[in-house]
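Undergrad:
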Amino acid sequence: MAHHEEIAKTLVAHVGNALEAYGLSKGYKLDKQFYQDMAWGGLHETNAFKALSKSDQKRISNSVTVELKGKDVDGDVKSQKGKRRDVNT
Numbered sequence: 182m183a184h185h186e187e188i189a190k191t192l193v194a195h196v197g198n199a200l201e202a203y204g205l206s207k208g209y210k211l212d213k214q215f216y217q218d219m220a221w222g223g224l225h226e227t228n229a230f231k232a233l234s235k236s237d238q239k240r241i242s243n244s245v246t247v248e249l250k251g252k253d254v255d256g257d258v259k260s261q262k263g264k265r266r267d268v269n270t
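Residue numbers are given in my numbering: position 43 of the sequence shown equals residue 224, and the series is strictly consecutive.
Rendered as structure tokens:
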């Protein structure tokens with residue numbers, strides 16, 4: 182199981198780096214942690230995510246939820262860092 186968790190963390194790091202490169206190419210100046218958190222999107226039910234500390238899980242969940250919904254996991258309205266896009270365009 183630990184091997185799978187390490188693969189997931191490595192994959193997340195690579196995806197986070199790719200997101201950061203894309204963000205920089207679009208003029209975003211966000212911290213590296215934001216991009217790494219975004220890379221965990223869709224992986225909240227994995228063992229690798231569940232193996233993270235509770236504080237890391239909450240930070241990641243909040244970051245992803247704010248970008249998707251404009252609210253944190255507690256339902257409080259928060260400013261999104263990215264530009265909202267219509268998924269149909």
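For each residue, glycine too, the CB sits at the ideal point set by N, CA and C.
Keep in mind the model is a prediction, meaning the values are calculated, not measured.
Just grab the DSSP bridge partners of K250 for me.
TA: Walking along the sequence shown from the start, residue 250 turns up at place 69. Per DSSP, none; premise fails for K250.
Undergrad: So, W221 versus V258, is the Cβ gap smaller than 8 angstroms?
TA: Position 40 of the sequence shown, counting from 1, holds the residue named residue 221. Position 77 of the sequence shown, counting from 1, holds the residue named residue 258. No, they are not a contact pair.
Undergrad: Report yes if the C-beta distance between F306 and L224 is below 8 angstroms; otherwise report no.
TA: One cannot answer for residue 306 here, as it falls past the ends of the chain, which runs 182 to 270.
Undergrad: In the DSSP assignment, find the alpha helix (DSSP H) that holds Q217 and state where it starts and stops.
TA: Reading the sequence shown from its first residue, position 36 is the one you call residue 217. Its alpha helix (DSSP H) spans residues 213 to 220.
Undergrad: Taking the beta carbon of D212 as the centre, do at least 16 other beta carbons fall within 10 Å, making it buried, or is it exposed?
TA: In the sequence shown, the residue the question calls residue 212 occupies position 31. Counting Cβ neighbours within 10 Å, D212 comes out exposed, since fewer than 16 surround it.
Undergrad: Exposed or buried, which one is G197 when buried takes at least 16 other CB atoms within 10 Å?
TA: Here the question's residue 197 lines up with position 16 in the sequence shown. Label assigned to G197: buried.
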